[in-house]
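Residues 72 to 386 (the working numbering) make up the sequence shown, in order.
All residues carry an ideal CB built from backbone N, CA and C; glycine is no exception.
Source: prediction; values computed, not measured.
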Amino acid sequence: MNKNLNYLLFFASGIIILVLLILVIRNDNVPSSEGKATPQQKIENWALDYVGSDSSKVTDPIKIAILDSGINKKHKEFNDVIFKEYNVIAPDEKITDDLGHGTAIAGIIAAKGIKTTGIIQNVILYDVKVLNEKGQGKIEDVVEGIEWSIKQNVDMINISFGFSSDKAELKSSIEKAIEQNIVITAAAGNTLGLTVDFPAQYNDVLSISSFDKHFKLDPFSGVGKIDYSAPGVEVISTDNKGSYSTFSGTSFATAYATGVIATILNDPSVRNTDIKKEKLLTYVVKLGAEEQFGEGFLTLKKEKVEELLYEKELD
72 MNKNLNYLLF FASGIIILVL LILVIRNDNV PSSEGKATPQ QKIENWALDY VGSDSSKVTD
132 PIKIAILDSG INKKHKEFND VIFKEYNVIA PDEKITDDLG HGTAIAGIIA AKGIKTTGII
192 QNVILYDVKV LNEKGQGKIE DVVEGIEWSI KQNVDMINIS FGFSSDKAEL KSSIEKAIEQ
252 NIVITAAAGN TLGLTVDFPA QYNDVLSISS FDKHFKLDPF SGVGKIDYSA PGVEVISTDN
312 KGSYSTFSGT SFATAYATGV IATILNDPSV RNTDIKKEKL LTYVVKLGAE EQFGEGFLTL
372 KKEKVEELLY EKELD
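Next up, the structure:
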């Protein structure tokens, strides 16, 4: 009886710790989509194999604002990438990425292929620093970053983090961007299966969940209002040390979705106003419940992914 009681107390303690972890993750000053990184020795990018890439330059460069912790622009994978930057946190200082989060996002989207390849090469990246070295950010800084991006006439805004509660000023700035036909992708959040973060919850923002190489939902991913899903477990990208690491979280899935949509925009017959759900379905593979995967996996390799899923069903 005592053993059972001890077990129940241990189990209950575990539940309490888990709840506390969730509350920390969803703190409004700590974006819930930071994810984790581990050093990577051998470059085997399963996520890129599933998603695909495009090196064509048939239109003007697609302008993508990355609101994040900054980008290490000295990384060799960014040698030929065109950057513009705005340091919201410290306007008089050049941007550095002490966290490594923003550098990984940029690598997924636009790395040049020395050891890893970004999804699209025909881009200009707008490095907008709104998160500090701890991954913390203020609503007013994010709003300022969005406002600056609007003035730069960007095509897309990638927001690989989120807040647990709705903020009127954030929603207003998002609506302004949408009115300018800017496509916004946002991380569903690493909420351990709880509701999606903001701004991903907003109707006109594309909310992205993450899955692993077996097409299983990342257990950390938020659920509910999901539009699409993408790889986000142990994916490879550039790190802020000038090397490469594996990363996990909905942040990185969001970057893959951004890259795919930017590639679609790289088609001269497609305009920003065309990036609506019905237009993107051509690039979607259904994976499961809509509250987990949304419409499905957004990929440039639809046929290959469908074959992989068929083979897994046979197994």
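Secondary structure of residue i, DSSP reduced to three states
{"i": "residue 158", "result": "strand"}
{"i": "residue 122", "result": "helix"}
{"i": "residue 149", "result": "helix"}
{"i": "residue 254", "result": "strand"}
{"i": "residue 135", "result": "strand"}
{"i": "residue 237", "result": "coil"}
{"i": "residue 188", "result": "strand"}
{"i": "residue 217", "result": "helix"}
{"i": "residue 358", "result": "coil"}
{"i": "residue 56", "result": "The structure shown does not extend to residue 56, since the chain is modelled only from 72 to 386, so the question has no answer here."}
{"i": "residue 225", "result": "coil"}
{"i": "residue 96", "result": "Low per-residue confidence applies at residue 96: pLDDT is 38, beneath 50, and the placement is therefore not dependable, though the value from the model is reported in the following sentence. Here residue 96 sits in helix by DSSP."}
{"i": "residue 103", "result": "With a pLDDT of 48 at residue 103, under the threshold of 50, the modelled position of this residue cannot be trusted; read the value that follows with caution. Of the three classes helix, strand and coil, the one that applies to residue 103 here is coil, per DSSP."}
{"i": "residue 143", "result": "coil"}
{"i": "residue 383", "result": "helix"}
{"i": "residue 212", "result": "helix"}
{"i": "residue 330", "result": "helix"}
{"i": "residue 163", "result": "coil"}
{"i": "residue 204", "result": "coil"}
{"i": "residue 344", "result": "helix"}
{"i": "residue 129", "result": "coil"}
{"i": "residue 47", "result": "This structure does not reach residue 47, given that the chain is present from 72 up to 386, and the question cannot be answered."}
{"i": "residue 349", "result": "helix"}
{"i": "residue 312", "result": "coil"}
{"i": "residue 114", "result": "coil"}
{"i": "residue 378", "result": "helix"}
Residue i and residue j closer than 9 Å at C-beta
{"i": "residue 130", "j": "residue 193", "result": "yes"}
{"i": "residue 213", "j": "residue 277", "result": "no"}
{"i": "residue 156", "j": "residue 197", "result": "yes"}
{"i": "residue 179", "j": "residue 326", "result": "yes"}
{"i": "residue 357", "j": "residue 366", "result": "yes"}
{"i": "residue 224", "j": "residue 169", "result": "no"}
{"i": "residue 268", "j": "residue 293", "result": "yes"}
{"i": "residue 289", "j": "residue 266", "result": "no"}
{"i": "residue 195", "j": "residue 334", "result": "no"}
{"i": "residue 158", "j": "residue 147", "result": "no"}
{"i": "residue 230", "j": "residue 271", "result": "yes"}
{"i": "residue 119", "j": "residue 188", "result": "yes"}
{"i": "residue 331", "j": "residue 369", "result": "yes"}
{"i": "residue 248", "j": "residue 280", "result": "no"}
{"i": "residue 284", "j": "residue 121", "result": "yes"}
{"i": "residue 379", "j": "residue 232", "result": "no"}
{"i": "residue 167", "j": "residue 150", "result": "no"}
{"i": "residue 227", "j": "residue 385", "result": "no"}
{"i": "residue 343", "j": "residue 171", "result": "no"}
{"i": "residue 244", "j": "residue 218", "result": "yes"}
{"i": "residue 145", "j": "residue 313", "result": "yes"}
Strand pairing of residue i, partner residues [DSSP]
{"i": "residue 198", "result": "137, 156"}
{"i": "residue 230", "result": "138, 257"}
{"i": "residue 369", "result": "355"}
Nearest candidate by alpha-carbon position, reference residue i, set the options
{"i": "residue 132", "options": "159, 271, 339, 280", "result": "339"}
{"i": "residue 306", "options": "249, 382, 176", "result": "176"}
{"i": "residue 363", "options": "374, 315, 312, 301", "result": "301"}
{"i": "residue 115", "options": "347, 322, 316, 333", "result": "316"}
{"i": "residue 216", "options": "124, 241, 369", "result": "241"}
{"i": "residue 309", "options": "125, 141, 126", "result": "141"}
{"i": "residue 117", "options": "384, 250, 376, 172", "result": "376"}
{"i": "residue 220", "options": "200, 234, 237, 285", "result": "200"}
{"i": "residue 295", "options": "249, 361, 347", "result": "361"}
{"i": "residue 274", "options": "254, 286, 283, 285", "result": "254"}
{"i": "residue 222", "options": "238, 162, 136", "result": "136"}
{"i": "residue 261", "options": "282, 252, 347", "result": "282"}
{"i": "residue 291", "options": "299, 311, 264, 313", "result": "264"}
{"i": "residue 183", "options": "163, 126, 352", "result": "126"}
{"i": "residue 347", "options": "237, 186, 124, 252", "result": "252"}
{"i": "residue 349", "options": "318, 374, 299", "result": "299"}
{"i": "residue 359", "options": "324, 297, 351, 328", "result": "297"}
For this session: Tell me the start and end of each unbroken beta strand (DSSP E) in the segment 261-306 that is at least 3 residues and wholly inside, in chain order.
Result: 277-282, 299-302
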